[in-house]
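Presented below is the structure to which this report refers.
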Amino acid sequence: MKKNNLDAAGFKLQPVAVLQGTVVVLVLLFLASVVLALAVSFSPWQAGAGLLKAIAHLAVFAGAFWAGKKCARKAWLHGILVGLAAFILLGALGSVEQSVLSWLWWQRLLRMLFAAMLGGMVGGLFKSG
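Per this note's numbering, residue 2 is the first one in the sequence shown, and the count goes up by one each step.
Quick look at the structure:
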């Protein structure tokens, strides 16, 4: 037996599950943005910041759920990785000038990772087999 054999230790990180979960997040956010754009263009209603944050967190929860359902073990970790990937991608698309050292940035990251961890754990409970 090899020393530090991660396969024997039972740790299997599945990047494909994380990638699939991240794609689910991006697709859901795209669809939500199309629906919101149509709603805003045909009505006087404007989407508030709270609604946009809720949609982003629900999309990350759903993507982490998908990753947790598709992975073999440690669904919570796969969910967190989906949340981290989504946070980095959305941060790169959004305001880049926000400092990584600010408390608000860390608070948003932790909130996103918590939603993703919950999604991964719930997805892990719904595994088939």
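Beta carbons are placed, not taken as given, at the ideal position from N, Cα and C, and that holds for glycine.
Applying the criterion that 16 or more other CB atoms from any shown protein chain within 10 Å of the CB defines a buried residue, is residue i buried or exposed?
i	result
Q108	exposed
L39	exposed
V83	buried
K71	buried
M2	Residue placement at M2 is poorly supported in this model, since its pLDDT is 47, which falls under 50; the coordinates are not used for a value here.
A93	exposed
L102	exposed
G64	buried
Apart from the five residues on each side of it in sequence, which residues of its chain come closer than 7 angstroms, Cβ to Cβ, to residue i?
i	result
L110	F88
W67	Q21, G22, V25 and G124
F127	K70
Can you list, in chain order, the residues of its chain whose CB lies under 8 angstroms from that of residue i, leaving out five sequence neighbours each side?
i	result
W77	G69, M118, G121, M122 and G125
V41	Q47 and A48
P45	none
What separation, rounded to the nearest whole angstrom, lies between the Cα atoms of residue i and residue j?
i	j	result
L27	A60	8 angstroms
G95	R112	17 angstroms
L91	V19	16 angstroms
L7	K13	Unreliable placement is indicated for L7, whose pLDDT of 49 sits below 50; the coordinate value is still reported in the next sentence. One C-alpha to the other measures close to 7 angstroms.
A57	H79	18 angstroms
Closer than 6 angstroms by C-beta to residue i: which residues in its own chain qualify, once you throw out the five before and the five after it? Chain order, please.
i	result
L30	A60
F62	A116 and G120
V17	none
L37	A48
For the alpha helix (DSSP H) containing residue i, name the first residue and the last one.
i	result
A76	A76 to L94
S42	P16 to S42
Q108	W104 to L126
V61	A50 to K71
I'd like to confirm something about residue i: is its beta-carbon nearer than 6 angstroms to some heavy atom of the ligand GTP, or not?
i	result
A33	In the structure shown, the ligand GTP is absent, as is every other ligand, since no ligand is present at all.
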